[in-house]
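One gets this note's numbering by counting positions in the sequence shown from 1 and adding 647 to each. Below you'll find the structure, written out as structure tokens, and then a few comments.
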Amino acid sequence: MPELSRFQGMIVKMIFNDVVQHSKPHIHVYYGEYKASVGIDGELLSGSLPLKQLKMLIGWLALHEDEAYAAWNKAVQGEHFSKIKPL
648 MPELSRFQGM
658 IVKMIFNDVV
668 QHSKPHIHVY
678 YGEYKASVGI
688 DGELLSGSLP
698 LKQLKMLIGW
708 LALHEDEAYA
718 AWNKAVQGEH
728 FSKIKPL
């Protein structure tokens, strides 16, 4: 699972061809023992994160929405995408 970004202890990843479980554009986030799938629009799709980290992630997604959608469009086609720099 390729890494999209890493900041504030969170690791953000995308899976190639990942349209089966969640058809909506999303990321996978890992923070310590927590893991979650979050839509690029900020909707929590599955899993959990502490509220502080979820809010931080939603803010990061808002700032990098265009880059995240561009990465998603490449990932679902099995293509490599560019990393997004942290906050």
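The C-beta atom is built at its ideal place from N, Cα and C for all residues, glycine as well.
Rounded to the nearest whole angstrom, the CA to CA distance from Ala717 to Ile731 is 11 Å.
With distances taken between CA atoms, Ile658 lies nearest to Glu650 out of Asn664, Glu650 and Asp665. By the CB criterion at 8 Å, Gly686 and His673 fall inside the cutoff.
Of Leu710, Ala709, Tyr678 and His711, the smallest CA-CA separation from Leu698 is found for Tyr678. Closest in C-alpha terms to Leu710, from the list Asn720, Val723, Gln724 and Pro733, comes Pro733. Secondary structure at Ile705: helix, using DSSP grouped into helix, strand and coil.
Residues Tyr681 and Ala683 of the same chain have their beta carbon placed closer than 7 Å to that of Ser695, with the five preceding and five following residues left out of the count. The Cβ-Cβ distance between Ala715 and Leu704 does not fall below 8 Å. Cβ-Cβ distances below 8 Å link Lys721 to His727 and Phe728 in the same chain, with the five nearest sequence neighbours on each side left out; the list follows chain order.
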